[in-house]
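All remarks here apply to the structure that follows.
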Amino acid sequence: MTDIPAKAADGAARQILAPEWPHLRRAALLAVLSGLLWLPLAFCAATALAGLIEGRLALPALAGLALCGILRALLTHLAEARAQRIALAATSRLRGGLLARVARRADLPRAGALASLASEQAALIRPYAARYVLAQMRVMVLPLAVLACAFATAW
Numbered sequence: 001m002t003d004i005p006a007k008a009a010d011g012a013a014r015q016i017l018a019p020e021w022p023h024l025r026r027a028a029l030l031a032v033l034s035g036l037l038w039l040p041l042a043f044c045a046a047t048a049l050a051g052l053i054e055g056r057l058a059l060p061a062l063a064g065l066a067l068c069g070i071l072r073a074l075l076t077h078l079a080e081a082r083a084q085r086i087a088l089a090a091t092s093r094l095r096g097g098l099l100a101r102v103a104r105r106a107d108l109p110r111a112g113a114l115a116s117l118a119s120e121q122a123a124l125i126r127p128y129a130a131r132y133v134l135a136q137m138r139v140m141v142l143p144l145a146v147l148a149c150a151f152a153t154a155w
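Counting along the sequence shown from 1, when you hit position 10 you're at 10 in the working numbering, and nothing is skipped either side.
Next comes the structure, spelled out in structure tokens:
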């Protein structure tokens with residue numbers, strides 16, 4: 001048995017998720033925004049720590065730290081909840097389509113077993129839609145943003 005190359009599998013998953021793709025991209029955008037909040041979080045933490053080392057309490061930095069942390073948690077929750085809902089909708093749509101196709105061809109031997117297998121296979125798209133798409137978008141954007149901030153402040 002041969003393995004499907006990752007790029008081909010990713011393309012096939014995107015094709016299967018075509019109706020949900022715009023919604024998944026919005027969820028991924030929320031995940032990226034949540035990840036980008038690590039940068040101001042790090043700045044606020046560094047500013048607060050520098051203030052403590054100097055012997056003063058940096059209340060604006062601590063307030064910024066709390067605000068960014070709460071906002072990041074909220075955006076992360078919204079992105080993941082939206083992605084889970086989209087993945088569930090995609091799974092339901094795929095199962096419905098597969099069962100409708102099997103019902104039209106009920107003369108097939110073992111149609112019930114085929115429908116059961118097809119619905120189990122449809123469930124495999126859920127982790128891709130719920131987790132992988134968000135992680136993939138974060139991995140494409142966040143390292144560049146961190147490098148841009150590092151180069152802007154260090155050189």
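Heads up, the beta-carbon is just placed ideally off N, CA and C, and yes, glycines get one too.
Short check: CB of ALA89 to CB of LEU24, under 8 Å?
No, they are not a contact pair.
Taking the alpha helix (DSSP H) that ALA83 belongs to, which residues open and close that run?
Note, ALA83: alpha helix (DSSP H), 59–104.
Classify MET137: buried if its beta carbon has 16 or more other beta carbons within 10 angstroms, exposed otherwise.
It counts as buried.
When DSSP labels each residue in this structure, what does MET1 get in the three-state scheme?
The predicted position of MET1 is uncertain, since its pLDDT is 41 and thus under 50; no value can be drawn from it.
Which runs of the alpha helix (DSSP H) at least 4 residues long sit entirely within the region 116–145? Give them in chain order.
With a minimum length of 4 residues, no continuous alpha helix (DSSP H) run stays inside the region 116–145.
Please work out which residues of its chain come closer than 7 Å, Cβ to Cβ, to MET1, disregarding the five sequence neighbours upstream and downstream, and give them in chain order.
Residue confidence for MET1 is low, a pLDDT of 41 falling below 50, so the modelled location carries little weight; the figure read from the coordinates is stated next. Result list for MET1: empty, nothing under 7 Å.
Tell me which residue opens and which closes the alpha helix (DSSP H) that PRO19 is part of.
Note, PRO19: premise wrong, no alpha helix (DSSP H); not H, not E.
CB-CB under 6 Å to GLY64, same chain, minus the five flanking residues each way: which ones, in chain order?
Cβ within range, chain order: CYS44.
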